[in-house]
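First the structure, in the form of structure tokens, and then the observations on it.
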Amino acid sequence: MFMRIARILFIVLVIASIVLALRLGTAIQIDTDLADISPGSQHSSQTRAAIDALQDNIQQRIILLVSGPEDAAYQADDDLRQALSQVSNLTVHASPEQRSEQMIEQLTPYRFSLLTVNQQASLTDMNADEIANSAYAAMLGLSGQVRVLPFTLDPLGIHSDTLLQLAPSNPSHEQDNSVALPIQLSITQGALNMNAQKALSQQLDELIELTETSHNVSIDRSGIFFFAAQAASSSKQDISMISTGSTIGVILLLLLVFRSLRALLLPIASIALGVGFAFILTHTVYGKVHVLTIVFGASLIGIVIDYSLHYFYHGASHANTPSNHTDQSNEKQALLRALALSLLTSIIGYAALSFSSLQALQKVAVFSCAGLFMAWLSVVCLGDWALRKPLSVEQRVFPALLALISSALRQISKRCWATLALATLIAGISVAALLQPFDDDPRVFFKAPTDMLNSERRVAEVASDYEPGQYIILRGQNTEEVYQRHALFLNKINQSKTLHAEQFTSLMNWIPSQASQDAIYQLQEKLYTTGGAADQLLMQLGQAEGATALTQEYLAAKQRRLLPSTLIGLLGDAMPPLWFVEPNNIVSFVLIQKGVNANALDALLTDIDGIEYVNTLVRTEQALSTQRQSALELLLLAYLLVAALMVLRFRQVKALWLVLIPASATSALFIASAVFGFALNLFHVMALFLVLGFGMDYAIFVHELKQRVAITLQAILLSALTSLLSFGLLGLSAIPVVASFGITLLIGNFFNLFGALVYARTQTSPTTPQTT
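Under full-length UniProt numbering, residues 1 to 772 are what the sequence shown spells out, in order.
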């Protein structure tokens, strides 16, 4: 009856998976956003949208710096800009000179409400006659004043100075007959999308190499995109090499033991069906699957293989060992009971992750539980089909090795083993509680090459003067309130001994408040009304009609004011979006120059209403720390639930010895971190859920199948070797996240295997808990 229900359910789930997969088609989304890792934001939806827009803009920014002899550099700059404009998903921004010209043209209508602080002071102290005489003397002399506006629009030469300060400066750098020219780009789609990264990165590499070769210049690069692309490329190569090696090793090991290609069919089928079903279900529930979920879920392959190996070993044992039908039926029931209990403990362990408030852990719980259940169901339903022809099992190496190990284990009493296990558990808990061997710094997850960091530094010296991951948020209900926050911020900065106002960039540095613009407009009344300074100068030059036109233009601009949102619109994508207006809420950002003392800034701006310092590196570290702590708490909950299940299943407290096997293996990792001096992070903790799963598998199979303990131990030994081979090689990875998984499972599963072998020795004891 059980097998009939299982097969019906298996067929239903396979059909449902196929239907859902066909519905998804090409709409599959792999998410790489770290938002799932972070706790819920405390910002309002409007502020969150503003922050997302700023971060998206920063992620999409690229700066190339062309350096070389002047003529060669300018020619290379022109040719490279032309080539980049042909790349479909890139926007090439205007050169600094072109942007300045565009800005001056667009800001000219607002010149009557704009003045620098020094100009305001000068106009306040001078009357119209003095201003006119000063302008006339400047025209006749050799003052060297730069005029960017026609004489008819700015006869006094005042607005040229104002607009030159507002317009973007030219960040090109000249030194020793060499010039450095920046090219600013924006990615129009998929800045951190792994599929787009590879194609765009290759295009940029080819164009940069061609330009450097043909013009004899050097080109540095800056942008989050390059670090993301390099990380994706190196990760793919590293994981591909390791996974290929481990896959070949596992296949050869299975072929060596079972001596048939048929031995690969059930493991491959159960893995494919389990992971596939988990992926489709998770995608259907959440609309996408996070890459962290896939990485963690794929590591369940080790547990899934266990089901097939035990089925094969015990199936081959039945075929090769004479026994009556009743004994075979009882052993089959014991195997299915062990498989079911193993599945249940694993699901309980991973289901504990669903209690987390972090969506990333909830997704891992769904993926893991669904994958394990489908893989288990596959083995139960397809196992007999895979064994319709008996498999021959290698009977020399493994039995001899196990006999040698068992002989060594007998040299120590059971009481000593129990004491050693409890001591390991206590020592591990003590290390975790007292030494706190954790490091949540996100920088440990990626080590950028030195040449990339040097290139980034050279670009920053010329063109990129602010931190991409740090900024200050100013909030207010209206524009004036935001300006008040900015004034308070500058006041705080001026009181600091280590911070300076020049280290911070805001739209409000350029655009006076509306009240200030009103005052500036009134101040210019002495310039442009009848009898004003401009009128006097033009009369003196015999251009009276020009004075009348200026007066009319001045009067027409009485209500015209430059708003921050207007300037953002004029600048376009050339500058990050620093101003957001929504109902009853305005958000403005202040950019921070590189090299600013982050600790001093954080301390200075703590608990100030409407002003918030954001350091994404620190916040990511806090998010990783929060998730690690949550995962540790859920791991403890998983152990408690599994322990309760063992007591309920076997009706004896002594059944807790089964849980001691993975618990001691977990403690071994904390002890190893203290002895060898390596810090633990979130991904070590995540891997400990797998250690729990493996350990409980080994313990349950030893206990439930103790009537054939020799066969069971051979299956466990093979399972452990496959997992140690797979995850042990991951420990050699240059990618810290992958290495964290590998090291944890290498240490944990070694002690799981050791604990299972020790526990098997206790099965001869009359005090072994009996099943109900």
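Think of the CB as a built atom: it goes at the ideal place given N, C-alpha and C, for glycine as much as any other residue.
All values derive from a computational prediction rather than experimental measurement.
Beta bridge counterpart(s) of residue i as assigned by DSSP
| i | result |
| --- | --- |
| ASN615 | GLN470 |
| PRO155 | For PRO155, which the question treats as bridged, DSSP gives no partner whatsoever. |
| ILE15 | Bridge partners of ILE15: none, in fact. |
| LEU185 | ILE62, VAL92 |
| PRO69 | SER178 |
| PHE438 | LEU680 |
Buried or exposed (CB count within 10 angstroms, at least 16 for buried), residue i
| i | result |
| --- | --- |
| THR450 | exposed |
| ASP52 | exposed |
| TRP385 | exposed |
| CYS416 | exposed |
| MET103 | buried |
| LEU757 | buried |
| ILE294 | buried |
| LEU435 | exposed |
| GLN237 | exposed |
| HIS283 | buried |
| ASP129 | exposed |
| residue 813 | Within the shown structure, residues of the chain are numbered from 1 to 772, placing residue 813 beyond reach of any answer. |
| LEU640 | exposed |
| GLY25 | exposed |
| GLY287 | exposed |
| LEU140 | exposed |
| GLU704 | buried |
| HIS500 | exposed |
| VAL285 | exposed |
| residue 805 | There is simply no residue 805 to check, as the chain begins at 1 and stops at 772 in what is shown. |
| PHE2 | exposed |
Simplified DSSP assignment, three categories, for residue i
| i | result |
| --- | --- |
| THR498 | coil |
| THR505 | strand |
| ARG475 | strand |
| MET1 | coil |
| PRO390 | coil |
| ARG761 | helix |
| ARG81 | helix |
| VAL146 | coil |
| ARG485 | helix |
| VAL87 | coil |
| ALA448 | coil |
| PRO267 | helix |
| PRO399 | helix |
| GLN514 | helix |
| SER329 | helix |
| THR551 | helix |
| PHE429 | For the record, residue 429 in the displayed sequence is Ile; it is not Phe. Helix at ILE429. |
| LEU54 | helix |
| GLN102 | helix |
| ARG23 | helix |
| SER413 | coil |
| GLN543 | coil |
| LYS363 | helix |
| LEU640 | helix |
| GLY315 | helix |
| residue 773 | No information on residue 773 is available, as it lies outside the stretch 1 to 772 that the chain covers here. |
| THR530 | coil |
Segments assigned alpha helix (DSSP H), at least 4 residues, entirely inside the segment 112-137
117-125
To test your reading of the DSSP string, which unbroken beta strand (DSSP E) runs of 3 or more residues are found completely within the segment 646-712?
none
Restricting to runs no shorter than 4 residues, where is the alpha helix (DSSP H) found entirely within the segment 189-260?
194-215, 224-258
Touching or not, the segment 506-519 and the segment 658-671, by the rule of three or more beta carbon pairs under 8 Å?
no
Spell out a yes or no on whether the segment 82-92 and the segment 195-204 are touching, meaning 3 or more CB-CB pairs, one atom from each, closer than 8 Å.
yes
Segments of 4+ residues assigned as alpha helix (DSSP H) that fall wholly inside the segment 564-622:
564-571, 598-604
Is it true that the segment 349-357 meets the segment 622-637, where meeting means three or more beta-carbon pairs spaced less than 8 Å apart?
yes
Any chance the segment 531-550 sits against the segment 569-586, with 3 or more Cβ pairs inside 8 Å?
no
With a cut-off of 8 Å, do at least 3 Cβ pairs link the segment 238-258 to the segment 390-403?
yes
Check whether the segment 679-693 touches the segment 739-747, counting contact only when three or more Cβ pairs, one atom from each stretch, lie closer than 8 Å.
yes
Should the segment 460-469 be regarded as contacting the segment 582-589, the criterion being three or more beta carbon pairs within less than 8 Å?
no
May I ask you to verify whether the segment 331-345 touches the segment 671-678, counting CB pairs closer than 8 Å and requiring at least 3?
no
Contact between the segment 150-168 and the segment 57-70 is defined here as three or more beta-carbon pairs at a separation below 8 Å; is this criterion met?
no
Evaluate the contact criterion for the segment 174-188 versus the segment 454-464: three or more CB pairs, one atom per stretch, below 8 Å.
yes
Touch test, the segment 719-726 against the segment 242-254, Cβ-Cβ under 8 Å, three pairs minimum
yes
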